[in-house]
Amino acid sequence: MSGPVMDPRFAPPFPEAALPILQNTQLRKNVAHATDVIQAKRNHLVAEKKDWQELRTSAAGIRAHVLANLASYLEEFETNCTAAGGVVHWARDAAEARQIILDILREEKASEVIKIKTMTSAEIQLNPALEAAGITAIETDLAELILQLGEDEASHIVVPALHVNRHQVRDIFARRMGLPQLADDPEALTAAARTYLRKKFLSVPTAISGANFLIAETGSVAIVESEGNGRMCLTLPKTLIALAGIEKVLPRFSDLEVLLQVLARSATGERLNPYNSLWSGVTAGDGPQRFHVVLLDNVRSEILGRKVERQTLQCIRCAACLNTCPVYRQTGGHAYGSPYGGPIGAILTPQLEHMRHAQSLPYASSLCAACYEVCPVKINIPEVLIDLRAQVVDQEREESRRWFDPMYIGMKAANFAFGSGARFRMAQRFGKLGLRLFTGKDGWIRKLPSLGARWTLSRDLPAMPDQTFRQWWTERESGRGKEETR
Amino acid sequence: MTSNSRQAILDRVRAATLADTDRYEDVPRSYIRTGTLDSQSRVHLMTERLHEYGAEVVECAPADLPHIVVRQLQQSGRHHFVAPPGVPEEWMGNSVSWLIDQNLSHEQIEQCDGVLTAASAGVAESGTIVLHHGPTEGRRVISLLPDFHLCILRASQIVETLPEYFALSSDPPRLATYISGPSATADIEMTRIKGVHGPRFLSVIIVRDDS
Amino acid sequence: MRASLFITCYNDTLFPQTGRAVVRLLERLGVDIDFLPAQTCCGQMHANTGFRGEAYSQAKRFVQLYRDTECVVIPSSSCVAMIRDQYAGLFEELGNEELRRQLAALLPRVFELSEFIIDKLGVDDVGAHFPHRVAYHASCHGLRGLHIGERPFKLLSKVRGLELVPVANLDRCCGFGGTFSVKNAEVSTAMLDAKLIDLLATNAEYCTALDNSCLMHVGGALHRRNLKMKPIHLAEILASTEASAT
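Protein chains in written order, with my numbering: chain X, 5 to 490; chain A, 116 to 326; chain S, 213 to 458.
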């Protein structure tokens, strides 16, 4: 059984992908429960933090500043990381990143790697490439382990298996770990994972991680986590490879005082996550003696150059936007067909595909702006969504299929009608005539054709009233003997 | 090959940011930098937060530290401890067996069920213990593998806010681990389970060197 | 006090009773209302669907039409949000200096209805009478775009006979979202289902809001499912007196 398609090049459009999930009551319940829990914790701690808005402002300011000076901070990071004994690689795209990592692993003669959760590795489709090269990738985050053993895909950036409940986890572990008597309480399941993974931590000499932050001033990498598998992978192996998007840089070590505060509260509703780890290059006698950083561009430098879209790169992957999104609440992450789902996924994913794929994602939003309100780095996601929609439409303007698209035709017709008061009145008259066909005796419309059928799927429409407002106004004014204005 | 990529990426990044003139000093910083609590209240807050995480906390006067350490070790129910090379002899006592970490193998450390370390700082607001992994805190592995971690934290090392910790270190640490509770996961139905990997039990002795 | 009513394209066509109520209400409050018949649409539907050039031409018409008015009153928070949030960007990209200047001069004179009454007229008791149990639905654009805050609540609290019942998860979107409601009809419906659970739990007779767009969506489902609760725009509640019928 293969899981949902999480490759934006092949995933079905959002409205289609959402359909089976909307039927899946269990999943929707799990998603609602999980997001409710995190949101409640987040809201409580945000209310407690008297300088929350000031922290957001600074976090946004630091991230925007980094992006505006990205080249020099990347160079500073590289210099300092190298001086500390790390090796810095640069990957223009996903293919190059995969190649760099495979080359390192081949040099190490690695047959297995232990991995800390990193969405970036899903973005570059790393695991299939490792498999093809005969290297077993072992996910060590509990959620990623659940997904890997269950042949499933992440549906959330921070809590990737939130769509899976305890019974489902029990079944997966019982089958794949050979534990038929396994109980289904979270304690027992977690203990099973602990035992299973401990052997791996102590034996596999190569690890791959992501990075929450790269510190330019010191050439350090910071990883934020809860379970301790990060510490295991960062400390025990001989070789460590950290894969990081180029936007992950922070200028100074002390900038963590802002980012760690907003990240933890936003991501898991904690003041700080249980474990934050920071290391610089290689330290003799302590931890991996070979350390590589793979800096990944993969369209980020392009996004950087777009005025409205640049803010997408401020993201610190907290997933607060997913937790608050009323659309995500109904569909979970799989409907987005990408490792990045929810509001940030809706803007990041199509951009990573040069707007050639995932064009339905910018429309997977009601523009309610709840995401913007909670984003710790103040990304105006609705603003970016609207700009991306304009890019999608501009693409469509070049295509002949637009004349068969009822939405396109409807928009052009409406724009024409809005061109003057007279045209609008005309359109209202035609509309009224047309809608009469569909209006029941009780003055309600229950079924419309074409795009209208999407409305009447679940909603009735009141009949067009006998008199529009402007007709009423005109009558009233002439009744008062006033001259009709222009 | 990767150096071509390096140039290509930096060129693209520079082209995308040509017109930008942001200065680091201009980033607004109106968030709370310094706390308002006195030492007693800081210790109290730190203790409260540690308790929230299920950590054990005891206080002692500086003169009583060695005997309190021995007592905590005895009460831990653990028998085989690992300690960093810089930990004072008088902390160690005979009630448990000791391995001093002079380049121990992972297997040797795995045989230990407890670890004793000092700390570099405590952040009261989040109940965070900070290790910079110097001689009294030890390599990262020794506070990772054993199941029980006894940590000695001086009251004078406790600050209230996270920015205050960052203000302390004029030189950023090369290695740091920030512990804000025992490891936990909420990946299964959002039910918080303590102790996935890393020590499941944290016991802290706060030495009142502040009065 | 003079004010020009921008009725909005969809109110004009589908909910003229809201417009009539606005006129009745504001005239009762001593405002001299006019209506410029050249008006059509603020451009929001086009802007939010990605038809930026088209939205620009509508925005330009709006700004030029209302150049010389004292105030513009709009019974739709999403349209006001469009004007405040997006017009500047459209004119930055597609407009000219003159248009940007006109917009800057116009923006302080554009009001959503509850803003107009509370902020401009300085009144919260409009002499209304509406003896019913009412639930207020917080349209997202009003809530987050305009930071409408307490204004609708202040106005509703002074309506005689009205029992206002709180709605759980007040700040969660109903799922309308403009063309989202048709492009993602099934997800929109799932969001609507969740909103209805919270609304129906109030046992209110009426659901009110600042926007007929949300009400069309919620009301459309209420009718489809034969439920008793009825949608009603805030203007119509405020316009009601003992003497009149809505």
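Beta carbons are placed, not taken as given, at the ideal position from N, Cα and C, and that holds for glycine.
To the nearest angstrom, how far is the alpha carbon of Asp409(X) from that of His48(X)? By one-based count along the first sequence, residue 409(X) stands at place 405. By one-based count along the first sequence, residue 48(X) stands at place 44. Taking the straight line joining both Cα atoms gives about 46 angstroms.
Kindly indicate which residue of Leu404(S), Gly255(S), Glu324(S), Pro364(S) has the alpha-carbon position closest to the one of Ile449(S). Along the third sequence, one-based indexing puts residue 449(S) at 237. Of the candidates Leu404(S), Gly255(S), Glu324(S), Pro364(S), the one whose C-alpha sits nearest the C-alpha of Ile449(S) is Pro364(S).
Taking 9 angstroms as the threshold (C-beta atoms), are Gly229(A) and Leu259(A) in contact? Sequence index remark: in the second sequence, residue 259(A) carries index 144 (1-based). Sequence index remark: in the second sequence, residue 229(A) carries index 114 (1-based). No, the pair does not count as a contact, with Cβ atoms beyond the cut-off.
Determine the burial state of Ala136(X): buried for a count of at least 16 other Cβ atoms within 10 Å of its Cβ, exposed for fewer. For this step, residue 136(X) is matched to residue 132 along the first sequence. It counts as exposed.
Mind listing the chain X neighbours of Asn218(A)? Cutoff is C-beta to C-beta under 7 angstroms, in chain order. For the purposes of this step, residue 218(A) is identified with residue 103 of the second sequence, where counting begins at 1. Within 7 angstroms Cβ-Cβ: Gly289.
Take every Cβ of the segment 62 to 76 of chain X, pair it with every Cβ of the segment 312 to 319 of chain X, and state whether three or more of those distances are shorter than 8 angstroms. yes
Return the Cβ separation of Leu459(S) and Val346(S) in integer angstroms, given the expectation that the two are a contact with Cβ distance under 8 angstroms. As displayed, chain S neither begins before 213 nor continues past 458, which places residue 459(S) out of reach and without an answer.
Those runs of the alpha helix (DSSP H) which lie wholly inside the segment 259 to 338 of chain X and span at least 4 residues: Listed in chain order, they are 260 to 272, 304 to 308, 324 to 328, 330 to 335.
Could you tell me whether the Cβ of Phe392(S) comes closer than 9 angstroms to any Cβ of chain X? Indexing the third sequence from 1 puts residue 392(S) at position 180. Chain X, which has a Cβ nearer than 9 angstroms to the Cβ of Phe392(S), makes this yes.
Flag Tyr332(X) as yes if its beta-carbon sits less than 9 angstroms from any beta-carbon of chain A, otherwise no. Here residue 332(X) refers to the residue found at position 328 when the first sequence is read from its first residue. For Tyr332(X), the answer is no, since every Cβ of chain A falls outside 9 angstroms of its Cβ.
Going along the chain, which residues of its own chain have a beta-carbon closer than 7 angstroms to the beta-carbon of Phe428(X), five neighbours each way excluded? Position 424 of the first sequence, counted from the first residue, corresponds to residue 428(X). For Phe428(X), where only same-chain residues beyond five positions count, the Cβ hits under 7 angstroms are Ala421, Phe422.
Is Val206(S) helix, strand or coil when you go by DSSP? Outside the shown range of chain S (213 to 458) lies residue 206(S), about which nothing can therefore be said.
For a test of the three-state rule: what should DSSP assign to Leu125(A), helix, strand or coil? Looking up residue 125(A) in the second sequence gives position 10. The answer is helix: DSSP assigns Leu125(A) an H, G or I state.
Among His296(X), Gln172(X), Gly89(X), Leu254(X), which residue has its Cα nearest to the Cα of Ala288(X)? Here residue 288(X) corresponds to residue number 284 of the first sequence, with the count starting at 1. Selection His296(X), Gln172(X), Gly89(X), Leu254(X) evaluated against Ala288(X) yields Gly89(X) as nearest (Cα-Cα).
Name the DSSP bridge partner or partners of Ala421(S)? Your numbering for residue 421(S) matches position 209 in the third sequence. Answer is His445(S), bridged to Ala421(S).
Taking the alpha carbon of Ala447(S) as the point to measure from, which residue in Pro228(S), Ala215(S), Ser216(S) has its own alpha carbon closest? Reading the third sequence from its first residue, position 235 is the one you call residue 447(S). Among Pro228(S), Ala215(S), Ser216(S), the Cα nearest to that of Ala447(S) belongs to Pro228(S).
In the DSSP assignment, find the unbroken beta strand (DSSP E) run with Val243(S) in it and report its ends. Residue mapping note: residue 243(S) aligns to position 31 of the third sequence, counting from 1. For Val243(S), no beta strand (DSSP E) encloses it, and the DSSP letter there is neither H nor E.
Rounded to whole angstroms, what's the CA-CA distance from Arg129(A) to Leu299(X)? Just pull it up for me. For the purposes of this step, residue 129(A) is taken as the residue at position 14 of the second sequence. For the purposes of this step, residue 299(X) is taken as the residue at position 295 of the first sequence. Straight-line Cα distance between these residues: approximately 16 angstroms.
Tell me, please, whether the CB atom of Val312(X) is closer than 9 angstroms to any CB atom in chain A? Reading the first sequence from its first residue, position 308 is the one you call residue 312(X). False, the Cβ-Cβ gap to chain A never drops below 9 angstroms.
When the cut-off is 9 angstroms and only beta carbons count, does Ile267(A) lie next to chain X? Locating residue 267(A) in the second sequence gives position 152, where the first residue counts as 1. Cβ-Cβ to chain X under 9 angstroms: no for Ile267(A).
Gly425(X) versus chain S: which residues are under 9 angstroms apart at the beta carbon? Counting from 1 along the first sequence, the entry for residue 425(X) is found at position 421. Chain S residues near Gly425(X): Leu248, Pro249, Ala250, Gln251, Thr252.
Count the C-beta pairs between the segment 274 to 292 of chain A and the segment 155 to 174 of chain X that are closer than 8 angstroms, then say yes if the count reaches three, no if not. These segments do not touch.
Give a yes or no on whether the minimum CB-CB distance between Asp244(S) and chain X is below 9 angstroms. By 1-based counting over the third sequence, the position of residue 244(S) is 32. Judged by the 9 angstroms Cβ criterion, Asp244(S) is not in contact with chain X.
Nearest-angstrom Cβ-Cβ length linking Arg255(A) and Thr292(A), presumed shorter than 8 angstroms: Numbered from 1 along the second sequence, position 140 holds the residue referred to as residue 255(A). Numbered from 1 along the second sequence, position 177 holds the residue referred to as residue 292(A). The Cβ separation is near 6 angstroms, so the contact holds.
Exposure label - Asp216(A); buried when at least 16 CB within 10 Å: Within the second sequence, residue 216(A) is the residue found at index 101, counting from 1. With at least 16 other beta carbons inside 10 angstroms of its own, Asp216(A) counts as buried.
Quick check for students: name the residue ranges of the beta strand (DSSP E) that lie wholly in the segment 217 to 262 of chain X, counting only runs of 3 or more. 217 to 219, 224 to 229, 243 to 249
Flag this pair as yes or no: are the beta carbons of Ala133(X) and Pro209(X) separated by less than 9 angstroms? Walking along the first sequence from the start, residue 133(X) turns up at place 129. Walking along the first sequence from the start, residue 209(X) turns up at place 205. Going by C-beta atoms, Ala133(X) is not nearer than 9 angstroms to Pro209(X).
Which residues, in chain order, does the segment 200 to 226 of chain X contribute to contact with chain A at a C-beta distance below 8 angstroms? Leu201, Arg202, Phe205, Leu206, Ile219, Glu221, Thr222, Ser224
Closer than 8 angstroms by C-beta to Lys45(X): which residues in its own chain qualify, once you throw out the five before and the five after it? Chain order, please. Locating residue 45(X) in the first sequence gives position 41, where the first residue counts as 1. Cβ within range, chain order: Thr272, Gly273, Glu274.
Under 7 angstroms (Cβ pairs) to chain X, residues found in the segment 305 to 326 of chain A: Met305, Thr306, Ile308, Val311, His312, Gly313
Can you find a CB in chain S that lies within less than 9 angstroms of the CB of Ala421(X)? Position 417 of the first sequence holds residue 421(X). Residue contact check for Ala421(X) against chain S: a CB pair falls below 9 angstroms.
For a cutoff of 9 angstroms on Cβ pairs, would you count Gln30(X) as touching chain A? As a first step, residue 30(X) must be located in the first sequence, where it is residue number 26. Chain A contact via Cβ: absent.
Indicate whether Pro366(X) and Gly262(S) have their beta-carbon atoms separated by less than 9 angstroms. Residue mapping note: residue 366(X) aligns to position 362 of the first sequence, counting from 1. Residue mapping note: residue 262(S) aligns to position 50 of the third sequence, counting from 1. Cβ distance < 9 angstroms, so Pro366(X) and Gly262(S) count as in contact.
Verify the contact flag: Ala233(A), CB atom, against every heavy atom of the ligand ZN, threshold strictly below 8 angstroms. Although the ligand ZN was asked about, the structure shown includes no ligands whatsoever.
Same chain, Cβ closer than 8 angstroms to Leu368(S), five either side skipped, listed in chain order: The sequence position of residue 368(S) within the third sequence is 156, counting from 1. Cβ within range, chain order: Val346, Tyr348, Leu374, Leu376, Thr420, Leu446, Ile449.
8 angstroms Cβ cut-off: residues of chain X touching Glu398(S): Taking the third sequence and counting its residues from 1, the one referred to as residue 398(S) is at position 186. Under a criterion of Cβ atoms nearer than 8 angstroms, the residues of chain X adjacent to Glu398(S) are, in order, Pro19, Ala22, Leu23, Leu26, Leu461.
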